[in-house]
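4 protein chains.
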Amino acid sequence: MLRFGVIGCGYISHVHVNDIVNNLHGAKVTAIYDINKSAAEQMIDEFDLGIEPSKSIDELINSSEVDSVLVFSKNDTHTEPILKALAIDKPVFTEKPLATTTEEAKQIVDAEVKKGKRMIQVGYMRRYDPYYQELKQTIDNGEIGTPLMGYCRHFAPAPTTNDFQTSDVINDSFVHEISVVSWLFNDDYKSVQVQYARPNSTNTAAGLKEPQVATLKLKNGAIVNTYLDINSHYGYEVKCQVIGETGIAELPDMPSTRVHKDEKIYNSVPLESGGRFEKAFQLEFQDFIDHVSTGKEPTGPSAWTGYTVTFTANKALESLKNGQIVDLEFGQKPDLYK
Amino acid sequence: MLRFGVIGCGYISHVHVNDIVNNLHGAKVTAIYDINKSAAEQMIDEFDLGIEPSKSIDELINSSEVDSVLVFSKNDTHTEPILKALAIDKPVFTEKPLATTTEEAKQIVDAEVKKGKRMIQVGYMRRYDPYYQELKQTIDNGEIGTPLMGYCRHFAPAPTTNDFQTSDVINDSFVHEISVVSWLFNDDYKSVQVQYARPNSTNTAAGLKEPQVATLKLKNGAIVNTYLDINSHYGYEVKCQVIGETGIAELPDMPSTRVHKDEKIYNSVPLESGGRFEKAFQLEFQDFIDHVSTGKEPTGPSAWTGYTVTFTANKALESLKNGQIVDLEFGQKPDLYK
Amino acid sequence: MLRFGVIGCGYISHVHVNDIVNNLHGAKVTAIYDINKSAAEQMIDEFDLGIEPSKSIDELINSSEVDSVLVFSKNDTHTEPILKALAIDKPVFTEKPLATTTEEAKQIVDAEVKKGKRMIQVGYMRRYDPYYQELKQTIDNGEIGTPLMGYCRHFAPAPTTNDFQTSDVINDSFVHEISVVSWLFNDDYKSVQVQYARPNSTNTAAGLKEPQVATLKLKNGAIVNTYLDINSHYGYEVKCQVIGETGIAELPDMPSTRVHKDEKIYNSVPLESGGRFEKAFQLEFQDFIDHVSTGKEPTGPSAWTGYTVTFTANKALESLKNGQIVDLEFGQKPDLYK
Amino acid sequence: MLRFGVIGCGYISHVHVNDIVNNLHGAKVTAIYDINKSAAEQMIDEFDLGIEPSKSIDELINSSEVDSVLVFSKNDTHTEPILKALAIDKPVFTEKPLATTTEEAKQIVDAEVKKGKRMIQVGYMRRYDPYYQELKQTIDNGEIGTPLMGYCRHFAPAPTTNDFQTSDVINDSFVHEISVVSWLFNDDYKSVQVQYARPNSTNTAAGLKEPQVATLKLKNGAIVNTYLDINSHYGYEVKCQVIGETGIAELPDMPSTRVHKDEKIYNSVPLESGGRFEKAFQLEFQDFIDHVSTGKEPTGPSAWTGYTVTFTANKALESLKNGQIVDLEFGQKPDLYK
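Residue numbers (full-length UniProt numbering), protein chains in the order written: chain A, 1 to 338; chain B, 1 to 338; chain C, 1 to 338; chain D, 1 to 338.
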């Protein structure tokens, strides 16, 4: 039974801890820390964990009750606990991003490379989604030939808060496409470009300018456009279409009751994103548990993936300023990640 | 240029005459008769035909200006003009039904058989519909193996008038399925059965009881259910699904703009039936013109088809009284129709 | 932590025990019995349960380590353990059927009614399937008006063994439709009828005659046809379409990668039935655990449901002999099940 | 009866003349000229026109038997006959392009403006396609709000000849998107950009480099990407998706028999482009006939549309050289075209 120490008790932490307790197997939560102690207490209570909150991140990481560390704290606080856990050989699952700055992300990669084994998995869960998995398999089976172009759509019905920023579109939404496109196309990125389309006049978040068209080019020449719209109104929808030499493969529409009514044939699109990747969250975590609990290196999205996504997202933000193409030079990929 | 004499100037007559004048080639209208003279005058005027209304059906049929007779008058008035045209060797296109009674229909078949050549085409246009054509081709190509079962749906949004009768469901709607199912399944009917389902409480036509489930069995054992609903509310829709030994083939949904809106992905279903078989009406008539104008026998739905459909529809009405299965014995099919 | 005693270690037992151990929460397996002791040992080993096989059904049921009994043994062996568990107030989850004979099923119902509380859940899992759930919700929300007619399709690619019998089509396949149609239509059955369609010439199981068209009529007049085909060749597919007064609602096609290739746009249909109801199996069992572990009566498919399904299935087999309609008189439904 | 003089007897001329003779009404062909006299004779023969080929373009245009001129000759020979017909007040329908050079196209616009009335229609038929019409109506009805982004796909299975050039992708395929996008978005173009995606290794035409991603930006900020692939292998397909502030509207897949077979649910995609716009060709021509035969100015794609499409296509070819964005300055749109 793998023993997790959990850092951070926000929304995504609840999702994962709930899965660990109720839907997965082979692991349990033995330590919890949150900068706000009552949040940790509340979670302990909710899941009836029968433990005391850890007094510090260090205490949690170093606890003899903790085999592996889960980093679910705020985006810009991941680096320190990751590096500390690494230092004492405890595997880490961190929610995205690996780090918010390219430098810190690189620092983590370097530390892991120095260890000489993969110990970190980053929570880019889409690769575990059964529909993305099947899409990937279809491509890798050669059913559509070599992939040449792609078209993605990542739409949410409305900003979750009025504080929603343009940069959140990149850091919360687009990073997911960054995390899967190179995987689907089996190649590295060459450049990124993000342009504003015609502004959405219904947008109510002052700091948000959208929709956006983001273009990823791969080293092999493939071009993939992602349309990002946080004000779709109609619903939450994630689409991905890969065009190969001999065919096209794309994610299906999510299934729902098909209705004939009022001069229409329709099926529903949810407003909430919650359910779409529920299974992916479970599969990524069970996979992490299965590897780590048996002494294997995790094979999910690696620190290198985390680094390249952060790198690309930061360059995407740079591109947004003037809409120009920004080249991506990640540096040499260490052998550890090949 | 084939010269048509037109009997009857109602709705379907307008559809056909408009096609002859505007959308088809090789034929023109040279005589028109309607029991209501002003209806004939109005049609002559509308299509700028430059002719006088015929004074009688006999005058029209016998006119030296008429090569072929089109029978578009009321359902129970088809027999006389068909037999008279046949008598002087003028090919006939008649709207469905061939005749309203089984006896009259048989009388027409006998007269044609005596002539020794096919001179009559009955307006069961669905066989000319491109989608039914493709369905038929798919079956005949063996793509789904031998057909074993079928499921049809024939839905209209609401009765066209408050006088709409239960028998109209059979005579106006179900006859179309009768006309295509044996053709699709390449076999003759063995029995028909029509049962009322749970009554539709929204129905406003006093003489109408529906919906109904009509079951056709073929001599080879195949079973085909047709669901008939004149109060669908949502729209006009015709579906046909054929289940074969190795697969299923079915009519596609009619295409329309695909919309993502209001938590739905939808496409439209029309309330009107008008557009659905527009192309079929044109193709059936052009085919009749092409055959008759070159001295060939028409190959569309024959008098025999007309007879078997009327026969079956009348037995279906008999079945409706108690929901029992009624066997169908059409008698020996004459060689002319094999 | 609810403690289960498991009777029977076949395929479906593995599905449930695996879920209990790995994917659900709140329960564990503390006793196992199989008539073949090595099957029990193997399962204990596979799931690392650290227990000894029970020596008899009685020992298992009476064990102080067992709070609730799971009956997964052969179809005709369910009655005895169910009644014995009931006698000592231990809740039971039994796989379908409740019993193979109408008499035994009724005996169980009577025993439960005498207890005065619901203690039995029968494994008709489709009601827990998210797609059926959404279909039911759509109907109950009034989105399609009162349901009037239905059309179901239950197709498997090929018989699982050469011993597959015609009666297995009813007992293995059709029972699932029996278990959901009355639930979806909110009414009881009035009659059942099963007819053979044109025989499938590709069938290789000597004792199997198919496909079949099964017709359920409800007391309110609704008619529901189910097409049963164990030799579909193309795949495993379960469809259900409910036609209401103002619209139609139906199960969606199961989602899979959409591919454009070789002059086709397609998505895949699995040959295996395994994955289709995976989630339903988990939800039904978690629901049973959640109720029983907190002292509540289970609210899933009841003994009464189990009795009516067995009753209807047996009458369906009677109908198969000559294709006639067989009326269904279940007797008075006890208050316990209202 | 409008009398047409036809210049050029190639493939598209046959399509139009066949329609005029067989499927449309209100017009006939009274003069034909082709630089290759036998081509004209052959067409006269095929359609049984009973006329002699014209001896020159001038003779045809000036003939008292000709009311209107149809220009179907080679792409770079349209300007002269258009200007000559205009000079003597005879309306012209010209196949695309209006002219191959921006200068000649502008010269024709200037000549028409000088006339002070619209006399020219250019054969960009997509605006008459019922599916594009419905898409346009959906947008103009406000059903998806203001259009912000678009995604088009224009795929053919293989180059029609080994001589197929990269520039043909722009001039034969992309011009159609150019002709509809500004119409759908109700705005003028700001820039065009065409980039090569990863090269298709299956391509066999030496002068062809593809696929390409073409980006049109509109003055209002909307961005529309068109993916162009002449080696799709799987079939001929034209897609157009318009993303508005509150929803998405897109062309439907073309309907065809839906088949369940071999572990797939599929419908067919044609290899041939022929049928896709058959109805559009008829509707554009009937519309031209209806306007011109009653003395009205044609309202289909105008000379100005023809000029802007040629302008944009030529800039697209310029962009192809280095993939850069090219601004589009059409000059002031004359009042005649507002």
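From the three backbone atoms N, C-alpha and C, an ideal C-beta is built for every residue, glycine too.
Which of helix, strand or coil does DSSP assign to L218(B)? Position 218 of the second sequence, counted from the start, is the residue given in the question as residue 218(B). It is a strand residue.
Quick check on DSSP: helix, strand or coil for P147(D)? Locating residue 147(D) in the fourth sequence gives position 147, where the first residue counts as 1. Taken through DSSP and simplified to helix, strand or coil, P147(D) comes out as strand.
Could you work out which residue in G275(B), E46(B) and I35(B) is closest to T77(B) when comparing CA atoms only? Locating residue 77(B) in the second sequence gives position 77, where the first residue counts as 1. It is I35(B) whose Cα lies nearest to the Cα of T77(B).
Tell me which residue opens and which closes the alpha helix (DSSP H) that Q332(C) is part of. Position 332 of the third sequence, counting from 1, holds the residue named residue 332(C). That residue, Q332(C), is in no alpha helix (DSSP H); it is neither H nor E in DSSP.
Report the rounded CA-to-CA distance for S191(A) versus N314(A), giving the unit in angstroms. As a first step, residue 191(A) must be located in the first sequence, where it is residue number 191. As a first step, residue 314(A) must be located in the first sequence, where it is residue number 314. Using only the alpha carbons, I get a separation of about 12 Å.
Residues of chain D with a CB under 7 Å from the CB of P199(A): which are they? Residue numbering aside, residue 199(A) sits at position 199 when the first sequence is read from its first letter. Those are G221, listed as they occur along chain D.
Limits of the unbroken beta strand (DSSP E) element including K239(C): Reading the third sequence from its first residue, position 239 is the one you call residue 239(C). From DSSP, the beta strand (DSSP E) with K239(C) extends over E237 to G244.
Can you give, in chain order, each stretch of the beta strand (DSSP E) that sits fully within the region 60-141 of chain C and has at least 3 residues? Counting only runs of 3 or more, we get 68-71, 92-94 and 120-122.
When DSSP labels each residue in this structure, what does Y33(B) get in the three-state scheme? Here residue 33(B) is taken as the residue at index 33 of the second sequence, counted from 1. Residue state, collapsed to three classes: strand.
Keeping to the same chain, check which residues put their C-beta closer than 6 Å to that of N267(C); ignore five residues upstream and five downstream. In the third sequence, residue 267(C) corresponds to position 267, counting from 1. Taking C-beta separations shorter than 6 Å and ignoring five residues to either side along the sequence, the partners of N267(C) in its chain run S256 and R258, following chain order.
By the three-class DSSP mapping on this structure, what secondary structure does G26(B) have? Indexing the second sequence from 1 puts residue 26(B) at position 26. The answer is coil: DSSP assigns G26(B) none of H, G, I, E or B.
N171(A), buried or exposed, once every other Cβ within 10 Å from all chains shown has been counted against 16: Stepping through the first sequence from its first residue, residue 171(A) is reached at position 171. N171(A) comes out buried.
I need the boundaries of the alpha helix (DSSP H) containing H283(C), first residue and last residue. Along the third sequence, read from residue 1 onward, the residue named residue 283(C) stands at position 283. The sequence given here has Leu at residue 283(C), not His. That run of the alpha helix (DSSP H) goes E278 to S293.
For I243(C), would you say it is in contact with chain B, using Cβ-to-Cβ distances shorter than 8 Å as the test? Against the third sequence, residue 243(C) aligns to sequence position 243. For I243(C), the answer is yes, since a Cβ of chain B falls inside 8 Å of its Cβ.
Could you work out which residues of chain G lie near E329(D), taking near to mean beta carbons separated by less than 8 Å? Among the chains of the structure shown, chain G does not appear; the protein chains present are A, B, C and D.
Determine the chain B residues that contact S268(A) at a beta-carbon separation under 7 Å, and present them in chain order. The residue labelled residue 268(A) in the question sits at position 268 within the first sequence. Neighbours of S268(A) in chain B, taken as residues whose beta carbon is under 7 Å from its own, are E263 and K264 in chain order.
Just mark M254(B) as buried or exposed, buried being the case when its beta carbon has 16 or more other beta carbons within 10 Å. On the second sequence, residue 254(B) is found 254 positions in, with the first residue counted as 1. It counts as buried.
Scan the UniProt domain "GFO/IDH/MocA-like oxidoreductase" (132-249) of chain B for residues whose Cβ lies nearer than 7 Å to a Cβ of chain D and list them as they occur along the chain. Along the UniProt domain "GFO/IDH/MocA-like oxidoreductase" (132-249) of chain B, going in chain order, the ones with a CB nearer than 7 Å to a CB of chain D are E134, L135, T138, E143, I144, T246, G247, I248 and A249.
Y11(B): buried (16+ other C-beta within 10 angstroms of its C-beta) or exposed? Along the second sequence, one-based indexing puts residue 11(B) at 11. A residue is called buried when at least 16 other Cβ atoms come within 10 angstroms of its Cβ; Y11(B) does not meet this threshold and is exposed.
Would you call the CB atoms of L208(B) and H154(B) closer than 8 Å? Taking the first residue of the second sequence as 1, we reach residue 208(B) at position 208. Taking the first residue of the second sequence as 1, we reach residue 154(B) at position 154. Their beta carbons are not under 8 Å apart, which means L208(B) does not touch H154(B) by this criterion.
Identify, in the order they occur along the chain, each residue of the same chain with its Cβ nearer than 6 Å to the Cβ of I325(A), setting aside the five sequence neighbours on each side. Sequence index remark: in the first sequence, residue 325(A) carries index 325 (1-based). If we look at I325(A) and ignore the five residues flanking it on each side, its Cβ neighbours are S191 and Q193.
Using a 10 Å radius around the Cβ and a threshold of 16 neighbouring Cβ atoms, would you call Q137(D) buried or exposed? On the fourth sequence, residue 137(D) is found 137 positions in, with the first residue counted as 1. Result: exposed.
With a cut-off of 8 Å on the beta carbons, I'd call F281(B) and Q121(B) a contact; round off their distance for me. For the purposes of this step, residue 281(B) is identified with residue 281 of the second sequence, where counting begins at 1. For the purposes of this step, residue 121(B) is identified with residue 121 of the second sequence, where counting begins at 1. F281(B) to Q121(B), Cβ: 13 Å. No contact.
Pull the bridge partners of T160(A) from the DSSP assignment, please. By one-based count along the first sequence, residue 160(A) stands at place 160. None; T160(A) has no bridge partner.
Whose C-alpha, out of Q133(C), L218(C), D290(C) and R126(C), is nearest the C-alpha of E95(C)? Here residue 95(C) corresponds to residue number 95 of the third sequence, with the count starting at 1. Of the candidates Q133(C), L218(C), D290(C) and R126(C), the one whose C-alpha sits nearest the C-alpha of E95(C) is R126(C).
Within 10 Å of its beta-carbon, does S64(A) have 16 or more other beta-carbons around it, so buried, or fewer, so exposed? On the first sequence, residue 64(A) is found 64 positions in, with the first residue counted as 1. In this structure S64(A) is exposed. Its beta-carbon is surrounded by fewer than 16 other beta-carbon atoms within 10 angstroms.
Tell me the rounded alpha-carbon separation between G306(C) and L98(B). As a position in the third sequence, residue 306(C) is number 306, starting the count at 1. As a position in the second sequence, residue 98(B) is number 98, starting the count at 1. Those two C-alpha atoms are separated by around 53 Å.
Decide yes or no for the touch test of the region 241-253 of chain B against the region 129-147 of chain B: beta carbon pairs closer than 8 Å, at least 3 of them. Yes, the region 241-253 of chain B touches the region 129-147 of chain B.
Cβ-based neighbour list, S293(A), same chain, cut-off 6 Å, excluding 5 preceding and 5 following: As a working note, residue 293(A) is residue 293 in the first sequence. Cβ neighbours of S293(A) beyond the five flanking positions: L2 and G26.
Which residues, taken in chain order from the region 11-29 of chain B, show a beta carbon closer than 9 Å to some beta carbon of chain D? Result list: V21, N22, N23, L24, H25 and G26.
Taking the alpha carbon of T299(B) as the reference point, which residue from P53(B), G145(B), D262(B) and K338(B) has its own alpha carbon closest? Numbered from its first residue, the second sequence carries residue 299(B) at position 299. When each option's Cα is compared against that of T299(B), the closest is K338(B).
Any chain D beta carbon closer than 8 Å to V259(B): Within the second sequence, the letter at position 259 stands for residue 259(B). So yes, V259(B) belongs to the interface.
Separation of K84(B) from D187(B), as counted between CA atoms: If you number the second sequence from 1, residue 187(B) lands on position 187. If you number the second sequence from 1, residue 84(B) lands on position 84. The straight-line gap from Cα to Cα measures roughly 32 Å.
V169(D) versus V175(D) - alpha carbon distance: The residue you call residue 169(D) lines up with position 169 of the fourth sequence. The residue you call residue 175(D) lines up with position 175 of the fourth sequence. Looking at the two C-alpha atoms, the distance is approximately 9 Å.
Would you list the one or two residues that DSSP bridges to R3(B)? Looking up residue 3(B) in the second sequence gives position 3. Answer by DSSP bridge pairing, in chain order: K28(B).
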